[in-house]
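J.: Pasting a structure here, questions to come.
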Amino acid sequence: MCLILVTSLLTLSQHSTAQSTLRIELKEINGEYYTLDDLKGSELTVVDFWATWCKPCVKSIPKLVELSHQYEKEEVAFVGINVDSPRNLAKVRPFSKSLKIDYPVLLDTDQALYNELLVSVLPTVLILDSEGKVLFTHEGYTHGDEEYLKKKINELLEENE
């Protein structure tokens, strides 16, 4: 009985967290404001939390950019969430351009979304379903992680069919 209650509370908590998380408004590096809810419309959304000072992030981002080109936006959308402090904001746009990031990059300078989703390691990649529910989390980066992510994305797409 206790296990059922805990499971039910976790499910309700995850649902309400997903809804409130989707509504956190962040500024995109080009100046527009978005919520993750605004970016919905794909079967899956890959969310990458990173910072300019994070060495593993610098290695993982080009791999994620390559991976993003392998999917149609209706299937899988990619979004970067930069968590640099306000004093480093001037670096984010040139940094993104140098790494050829061609998907939206949102600024989470007060780490509202970072904290809401309980992210504690950079980089962290989350895969969300079309409702904003976190289906998968991957922390850190080592060479080859992009293949693991690709496999996971494909598995989740197959499950959604």
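Read in UniProt numbering, the sequence shown has 35 at position 35, and its numbers run on one by one without any break. We put the CB at the ideal spot given by N, CA and C, even for glycine.
Can you tell me which of the three DSSP states Ser8 falls into?
T.: Because Ser8 carries a pLDDT of 28, less than 50, the predicted location of this residue cannot be relied on, and the following value inherits that uncertainty. It is helical.
J.: Kindly indicate the opening and closing residues of the alpha helix (DSSP H) around Asn154.
T.: 145 to 160
J.: Would you mind listing the alpha helix (DSSP H) stretches within the region 49 to 114 that are 4+ residues and don't spill past its ends, in chain order?
T.: 55 to 68, 89 to 98
J.: My guess is that Val125 and Val47 are in contact by the Cβ rule of under 8 Å, so how many angstroms apart are they, rounded?
T.: 7 Å
J.: Could you check if Asp102 is buried or exposed, using at least 16 other CB atoms within 10 Å of its CB as the buried criterion?
T.: exposed
J.: Taking the alpha-carbon of Ile81 as reference, which of Leu122, Ser98, Asp129, Asn154 has the nearest alpha-carbon?
T.: Leu122
J.: Residue range of the beta strand (DSSP E) that Val134 falls in?
T.: 134 to 139
J.: For Glu25, which residues in the same chain have their Cβ closer than 8 Å to its Cβ, ignoring the five residues on either side in sequence?
T.: Tyr33, Tyr34, Thr35
J.: So which of Leu44, Ser98, Leu39 has the shortest CA-CA distance to Glu158?
T.: Leu44
J.: Our contact map puts residue 165 next to Ser42 with C-beta atoms below 8 Å; I'd like the distance itself, whole angstroms only.
T.: Nothing can be reported for residue 165: it is not among the residues displayed for the chain, which extend from 1 to 161.
J.: Does Glu131 come out as helix, strand or coil in the three-state DSSP assignment?
T.: coil
J.: May I ask you to report which of helix, strand or coil DSSP gives Glu116?
T.: helix
J.: Does the separation of the CB atoms of Leu106 and Glu28 fall below 8 Å?
T.: yes
J.: What distance in whole Å lies between the Cβ atoms of Val134 and Leu117, which are believed to be in contact at a cut-off of 8 Å?
T.: 7 Å
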